[in-house]
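Here the numbering used here is used: the first residue of the first sequence is 1, the next is one more, and so on.
Written out below as structure tokens is the structure these notes cover.
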Amino acid sequence: MPELPEVETVRRQLQPRLPGRRVLEAGSHPSAKFTPATEVTGAAFGDVGRRGKFLLLSTDDGRELIVHLGMTGVVRFGGPEPELDDPYLRAWWRLDDRTTLEFADVRRFGRLRVVPAGDYSSIPTLAVAGPEPWDPELTPKRFHASIKASKRAIKTQLLSQRPVAGVGNIYADEALWAAEINPKVTRVGLDRATVLLDEVRAALERGLEGGGTTLRDYRNVEGGTGENQKRLAAYGRAGEPCLRCDTTLVSDVIDARTTTWCPACQRR
DNA sequence: GTACGGCCCTGTTAGC
DNA sequence: TGCTAACAGGGCCGTA
1 MPELPEVETV RRQLQPRLPG RRVLEAGSHP SAKFTPATEV TGAAFGDVGR
51 RGKFLLLSTD DGRELIVHLG MTGVVRFGGP EPELDDPYLR AWWRLDDRTT
101 LEFADVRRFG RLRVVPAGDY SSIPTLAVAG PEPWDPELTP KRFHASIKAS
151 KRAIKTQLLS QRPVAGVGNI YADEALWAAE INPKVTRVGL DRATVLLDEV
201 RAALERGLEG GGTTLRDYRN VEGGTGENQK RLAAYGRAGE PCLRCDTTLV
251 SDVIDARTTT WCPACQRR
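And the structure:
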């Protein structure tokens, strides 16, 4: 499932190709999640940005096409005509260089939205998203204060995007394992919050270096898979030995997400 | 304002 | 073998 490293990988592949390309024609699946695709017909794309797990495709008329990949969303370039035979094609934009930008999404958890540039008030998660992981303003103190403001489990807080943007289920489990923090704890001190912030950044960096994590569906713009799934220490490893202490990893559902941790070195 | 449960989706896998 | 049910989960929304 695309989290920050996967979305950033896609952004980096779009940025050299998309700016300056004008949309000649666009189409979409009838679901309201995808119909905004056609709103950028006639506009030219500008720089490709990212905020958390959202792709921000700026246009030359002062708007932004917001793309969320959901769980199975894939962005790719096709030939002069859209691949309408693909049953999972949800949106497409025919461009002025005889290519087509396509958005395919098997499970339809993805979504599109067109907004005035910088105005994210209509996208709840984006509107309340915390700082980017490498924002210099994201100090351990600020991170700790954000966690302290809620009484929910630390795992839930990481997934909320509020303390830091871009963390999803995989990288949350990895960071908590690395920081030796139990995902169910509701409060951590400044010292442990500092370690956790470091480990969130490290987990995301490892993901980026590996070109993302491909468990099943994730593909980058070139159709390639990520490599980070080979390096996971916690996510998806319930029942297997902890890489640190050999204790069998356990799992439970927290915030409707399967969560895996080591009961020994991530003691409550 | 905050917390929580349910919903959206469909391919894959487990179980009978 | 073939069918059914459970499972995966990011974001949003209604309700408490």
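By construction, the Cβ of each residue, glycine as well, lies at the ideal position given by its N, Cα and C atoms.
- In chain order, T41, R94 place their CB closer than 7 Å to the CB of E25, counting only its own chain and leaving out the 5 sequence neighbours on each side.
- Within 10 angstroms of the beta-carbon of K141 lie fewer than 16 other beta-carbons, which makes it exposed.
- Under the criterion of beta carbons closer than 8 Å, L176 and P183 qualify as touching, at roughly 5 Å.
- The C-beta distance from G46 to P80 rounds to 23 Å, too long to fall under 8 Å, and the pair is not in contact.
- Listed in chain order, the non-local C-beta contacts of S28 below 7 Å within the same chain comprise F34, T35, A37, T38, R90, A91, local neighbours out to five positions each way being set aside.
- Rounded to the nearest whole angstrom, the CA to CA distance from C242 to A202 is 19 Å.
- Around the CB of R50, 16 or more other CB atoms lie within 10 Å, so the residue is classed as buried.
- Scanning its chain for C-beta atoms nearer than 6 Å, with the 5 sequence neighbours on each side dropped, one finds around A264 the residues C245, T247, in chain order.
- For A91, the enclosing beta strand (DSSP E) stretches over residues 89 to 95.
- Per the Cβ contact rule, the region 6 to 13 is in contact with the region 52 to 59 (3 or more Cβ pairs under 8 Å).
- At the C-beta level, D96 and R152 stay beyond 8 Å of one another.
- Per the DSSP secondary-structure output, V115 pairs in a beta bridge with E64.
- With contacts defined as CB atoms closer than 8 Å, H68 and G130 fail to qualify as a contacting pair.
- Rounded to whole angstroms, the separation of the alpha carbons of G239 and S121 is 42 Å.
- Within its own chain, the residues whose Cβ lies closer than 7 Å to the Cβ of G223, once the five positions on either side in sequence are excluded, are R76, listed in chain order.
- Just so you know, the alpha carbons of A127 and R162 end up roughly 10 Å apart.
- Pairing A234 with T260 gives a Cβ-Cβ distance under 8 Å.
- Take R237, set aside five residues on each side of it, and the residues of its chain with a beta-carbon closer than 8 Å to its own are L249, T260, in chain order.
- By the neighbour-count definition (other C-beta atoms within 10 Å, threshold 16), D252 is an exposed residue.
- Contact check for R268 against V185 passes: the beta carbons are separated by less than 8 Å.
- Contact annotation, P2 with G207: C-beta distance approximately 11 Å; criterion of less than 8 Å not satisfied.
- In summary, D61 is exposed, with fewer than 16 beta-carbon neighbours lying within 10 Å of its beta-carbon over all protein chains present.
- Between the beta-carbon of I66 and that of V115 there is about 6 Å, and that keeps the pair under the 8 Å contact cut.
- For E83, the CB contacts under 7 Å within the same chain, skipping 5 residues up- and downstream, are L89, E102 in chain order.
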